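Peer 1:
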Amino acid sequence: MKAATETTELSSLIRRDRTTGMTTIELAVEGVMCAGCITRIESALKRTPGVEDARLNFTTKRLTVGWRDRDFQPSIAIDTVEKLGYRARPMRQAEADNGDRATSRYLLRCLGVAGFAAMNIMLLSVSVWSGNVTDITPETRDLFHWLSALIALPAAAYAGRPFFQSAWSVLRNGHVNMDVPISLGIILALGMSLVETANHAEHAYFDSAIMLIFFLLCGRFADHTLRRKTRSVAENLAAFKAETAHRISVDNEIVLVPASALRPGDRVLVKPGERIPADGRVVSGSSSIDESIVTGESAPRSIGTDDNVYAGSLNIGAAITLKITRQTEDSFVAEVDRLLHRAVTSKSRYVRLADRAARLYAPIVHAASALTLVGWLAAGAPVHDAIIVAISVLIITCPCALALAVPAVQVVAANRFFRSGIFLNAGDAIERFADVDTVVFDKTGTLTLPEPQLINAEGIAPDTLEQAARLALSTKHPLAASLARHASGSLPFDDVSEEPGRGIRTTIGGVEARLGSLDFCGVDPGRASEAGVSSLLAFKCGDRSAIFLIGQSLRPDAAATVNALRRLGLHVKILSGDRAEAITPVADRLGVSDWQGSLKPGDKVAVLESLKRGGRRVLMVGDGINDAAALATAWVSLSPISASDLSQAQADGVFLGESLRPVAETVATSRAARALMHQNLWLAAIYNALAVPLAIAGLVTPLIAAAAMSGSSIIVTLNALRLGLFRQIDGKPAASAIEAKTA
Numbered sequence: 044m045k046a047a048t049e050t051t052e053l054s055s056l057i058r059r060d061r062t063t064g065m066t067t068i069e070l071a072v073e074g075v076m077c078a079g080c081i082t083r084i085e086s087a088l089k090r091t092p093g094v095e096d097a098r099l100n101f102t103t104k105r106l107t108v109g110w111r112d113r114d115f116q117p118s119i120a121i122d123t124v125e126k127l128g129y130r131a132r133p134m135r136q137a138e139a140d141n142g143d144r145a146t147s148r149y150l151l152r153c154l155g156v157a158g159f160a161a162m163n164i165m166l167l168s169v170s171v172w173s174g175n176v177t178d179i180t181p182e183t184r185d186l187f188h189w190l191s192a193l194i195a196l197p198a199a200a201y202a203g204r205p206f207f208q209s210a211w212s213v214l215r216n217g218h219v220n221m222d223v224p225i226s227l228g229i230i231l232a233l234g235m236s237l238v239e240t241a242n243h244a245e246h247a248y249f250d251s252a253i254m255l256i257f258f259l260l261c262g263r264f265a266d267h268t269l270r271r272k273t274r275s276v277a278e279n280l281a282a283f284k285a286e287t288a289h290r291i292s293v294d295n296e297i298v299l300v301p302a303s304a305l306r307p308g309d310r311v312l313v314k315p316g317e318r319i320p321a322d323g324r325v326v327s328g329s330s331s332i333d334e335s336i337v338t339g340e341s342a343p344r345s346i347g348t349d350d351n352v353y354a355g356s357l358n359i360g361a362a363i364t365l366k367i368t369r370q371t372e373d374s375f376v377a378e379v380d381r382l383l384h385r386a387v388t389s390k391s392r393y394v395r396l397a398d399r400a401a402r403l404y405a406p407i408v409h410a411a412s413a414l415t416l417v418g419w420l421a422a423g424a425p426v427h428d429a430i431i432v433a434i435s436v437l438i439i440t441c442p443c444a445l446a447l448a449v450p451a452v453q454v455v456a457a458n459r460f461f462r463s464g465i466f467l468n469a470g471d472a473i474e475r476f477a478d479v480d481t482v483v484f485d486k487t488g489t490l491t492l493p494e495p496q497l498i499n500a501e502g503i504a505p506d507t508l509e510q511a512a513r514l515a516l517s518t519k520h521p522l523a524a525s526l527a528r529h530a531s532g533s534l535p536f537d538d539v540s541e542e543p544g545r546g547i548r549t550t551i552g553g554v555e556a557r558l559g560s561l562d563f564c565g566v567d568p569g570r571a572s573e574a575g576v577s578s579l580l581a582f583k584c585g586d587r588s589a590i591f592l593i594g595q596s597l598r599p600d601a602a603a604t605v606n607a608l609r610r611l612g613l614h615v616k617i618l619s620g621d622r623a624e625a626i627t628p629v630a631d632r633l634g635v636s637d638w639q640g641s642l643k644p645g646d647k648v649a650v651l652e653s654l655k656r657g658g659r660r661v662l663m664v665g666d667g668i669n670d671a672a673a674l675a676t677a678w679v680s681l682s683p684i685s686a687s688d689l690s691q692a693q694a695d696g697v698f699l700g701e702s703l704r705p706v707a708e709t710v711a712t713s714r715a716a717r718a719l720m721h722q723n724l725w726l727a728a729i730y731n732a733l734a735v736p737l738a739i740a741g742l743v744t745p746l747i748a749a750a751a752m753s754g755s756s757i758i759v760t761l762n763a764l765r766l767g768l769f770r771q772i773d774g775k776p777a778a779s780a781i782e783a784k785t786a
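When you line the sequence shown up against our numbering, it's residues 44 to 786, in that order.
#1: Which of the three DSSP states, helix, strand or coil, is assigned to L766?
#2: Quickly, what does DSSP pair D333 with across the bridge? List them, please.
#3: For P301, does the three-state DSSP call read helix, strand or coil?
#4: Kindly list the residues whose CB is nearer than 8 Å to the CB of V75, restricted to its own chain and excluding five residues on each side of it in sequence; keep chain order.
#5: Residue range of the beta strand (DSSP E) that P133 falls in?
#6: Distance check for A241 and D178, CA to CA, integer angstroms please.
#7: Run through DSSP, which three-state label would P683 get?
#8: What is the DSSP secondary structure of M162, reduced to helix, strand or coil?
#9: Roughly how many angstroms lie between the CA atoms of V417 and Q208, to the nearest whole one?
#10: Sort S578, L761, P568, K583 by Cα distance to A556 and report the nearest one.
#11: Name the DSSP beta bridge partners of V72, please?
#12: My output table needs one value for W678: the three-state DSSP class, helix, strand or coil.
#13: If you drop the 5 nearest sequence neighbours on each side, which residues of the same chain put their C-beta closer than 6 Å to that of A386?
#14: With three or more beta-carbon pairs closer than 8 Å as the criterion, would you say the stretch 149–160 touches the stretch 254–261?
#15: Between the C-alpha atoms of W419 and V426, what's the straight-line distance to the nearest angstrom?
#16: Between F484 and V664, which are expected to be in contact by the criterion C-beta below 8 Å, what is the C-beta distance as a whole number of angstroms?
#17: Return helix, strand or coil for N731, following the three-state DSSP convention.
#18: Please say whether N468 and D695 have beta carbons closer to each other than 8 Å?
#19: Considering only DSSP beta bridges, list what L365 is partnered with.
#20: Near I57, what residues of its chain come up, given a Cβ to Cβ distance below 8 Å and the 5 sequence neighbours on each side ignored?
#21: Count the other CB atoms, across all protein chains shown, that sit within 10 Å of the CB of D122; report buried if there are 16 or more and exposed otherwise.
#22: Suppose you measure from the CA of E541 to the CA of G552; what does that come to, to the nearest Å?
#23: So V482 is in the beta strand (DSSP E); what residue range does that whole segment cover?
#24: For S641, count the other beta carbons within 10 Å of its own beta carbon; 16 or more makes it buried, fewer makes it exposed. Which is it?
#25: Measure the C-alpha to C-alpha separation of D600 and V710 and round it to an integer number of angstroms.
#26: If you drop the 5 nearest sequence neighbours on each side, which residues of the same chain put their C-beta closer than 7 Å to that of V298?
#27: Helix, strand or coil for T146? Go by DSSP, reduced to three states.
#28: Measure the Cβ-Cβ separation of D666 and T489 and say whether it is below 8 Å.
#29: Hey, does F206 have any beta-carbon neighbour from chain E nearer than 8 Å?
#30: According to the Cβ coordinates, are A596 and L522 closer than 8 Å?
#31: Bridge partners of F38, per DSSP?
#32: Assign V482 to buried or exposed, taking buried as 16 or more other Cβ atoms, counted over all protein chains shown, within 10 Å of its Cβ.
#33: Check each candidate in A361, N351, A686 and name the one with the smallest Cα separation from S329.
#34: Can you name the start and end residues of the beta strand (DSSP E) that T550 belongs to?
#35: According to DSSP, which residues form a beta bridge with C584?
#36: Give me the residue from A252, S682, R659 with the minimum Cα distance to I668.
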């Protein structure tokens, strides 16, 4: 019965792409801890007969398996994953969210236990250390050691479970991950400490084992929290999907139905203020729609009969009737979701610097310790002495310096970024920022300020501007909002009427006043269509009239930032959903000759993929929902704080304020940080090259090994602090260089 239920549930999650003929299913995978897990799972599935594609997203723990063979059963993929030591189950979003919350609580409990135990054990350890050089008695020392054991053993058994369970799950299937050496080091340190305590030795290492667990749990909890936050925002496209639709039946009756029930050919009524439920074509009515989700352009688009519209666009004018051309799961919003998932999955395959070093480190450490034990036993040493020397080798090569080599630099860099108003969302972002050779900007809201601005306010008579702005307070039209900001605190006029899609009217001093389109106000445009103007808004009151030019203003230091990026050796490109005539003046002012316009989200992704195939490593800077897939596709990405939540979640970093300066600062600081990361890894390697031979020769006690291990950690930390001394652009800090150019 259970097997039948699972088969039915899996069948309900299968999705077939009519274009490619590929059938896919999404599975949630538990136990994925590092980049090595991704490679292991994907490789095993791709070797499975019938499977053509397998992609595992590290952030969402979502596995997509694809096949074409109609006889293939998705349960085979689940069995393959579970044979590797991981748990796979159908992807249910609600269950995944509950699992995330449970994991967070579990890690937090483990962290609390480890922290409490570490504090108490350290109090006992400090007493032993000071007593060993003064007058502590052997009986008192033994008592303190046994008390430490009484605290450490149950605490380690509970708090160390995230590492022990992960290590055991891969070991029993013949694999190794980074939790294996961690678990082995903890267990051996505790075991050796028990033996030393039972033999009345001066030193035990319960404190080292618990502190190692505590610091590792800090990193794991922080990583899980970050990924959970990113995932919860990134997967929420519900705000841009209409849940219901007003379908018009064959009897011309309006029926409220779920948007998912719409099929091509259905007629739908979309009222003002509603989002379009599915892609379609206008069959009657005219209106204005906000389709910034599609193009990124904040100015509304006027639509009429036979115009195509996309799901997620907001109707801000009059009611319209659509004929559905694509059902909900094939709509534009659904396409954005699929592009997003595919892009994030591709980027999650990047293996960070520390992981690459750790792959080589773990087998070398284990081999050195094991060979030391065998060598000393072969030389006739007592078993106790041979084990002590082998454990000394394991301790002195403990991956503390390696583990700190990259994070220490990341912490210092994060502090520097914070002072510059830059917040990174990914632990490996610094390394990827340092590798970029091309910067791609979106135009609207990125190179320009996010809100449309009134360009010609100085050329309008003050009383006319005041009256028009006051009238603009009576409508929610986005173009009118840029005019309403000039209302000087006035209240809206009374008795204002609105003609949807055209404008608003009222009476001022017995004279009719209108604000809206040129036709509605009866105003001749003349030469008003200047470069850089996105839209025109007309005002007429009696004999007085005015045309307001609404357009996007460049961010104040956009040109200086582009110049700074060029000095860093980067190629600059603009990709925008806006039309060519709106991009040309911006590109000319910035001196950017490489640009493309009228691009949909899929088009931007295609351009970035093309650059990637050409060997380019692209930094994408964008802010709109339509940029989300491109931000996820790029090698690395940034968004301004004014960006949509979806874009911020997909970006590797977010910067504050109206300045573009942080874009150049991020690249320059990341390059300096990567240089220090390489230096720290070399320092850790040199330390091991010098210390390990001494430990193998038996010249290092476990206490000296612990001290040397701590010393190596201090060295890499001090080296990381040098990041604050780096000068990045033109011999100056990045901020100073760009500020000077702006001035």
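Yeah, the Cβ is synthetic: ideal placement off N, Cα and C, and Gly gets one too. Treat the numbers as computed from the prediction; the structure is a model and nothing was measured.
Peer 2: With the given structure in hand:
#1: helix
#2: L357
#3: strand
#4: I81, I84, L99, F101, K104, Y129
#5: 130–133
#6: 21 Å
#7: strand
#8: helix
#9: 28 Å
#10: K583
#11: A131
#12: coil
#13: Confidence at A386 is low in this model, with a pLDDT of 46, below 50, so the placement of that residue is unreliable and no value is reported for it.
#14: yes
#15: 8 Å
#16: 5 Å
#17: helix
#18: yes
#19: V311, V325
#20: T66, T67, I68, P117
#21: exposed
#22: 19 Å
#23: 481–484
#24: exposed
#25: 17 Å
#26: R290, S292
#27: helix
#28: yes
#29: Protein chains in the displayed structure number just one, and chain E is not present.
#30: The amino acid occupying residue 596 in the given sequence is Ser; Ala does not appear at that position. No.
#31: The shown model of the chain, from 44 to 786, leaves out residue 38, and the question about it has no answer.
#32: buried
#33: A361
#34: 546–551
#35: A556, R587
#36: S682
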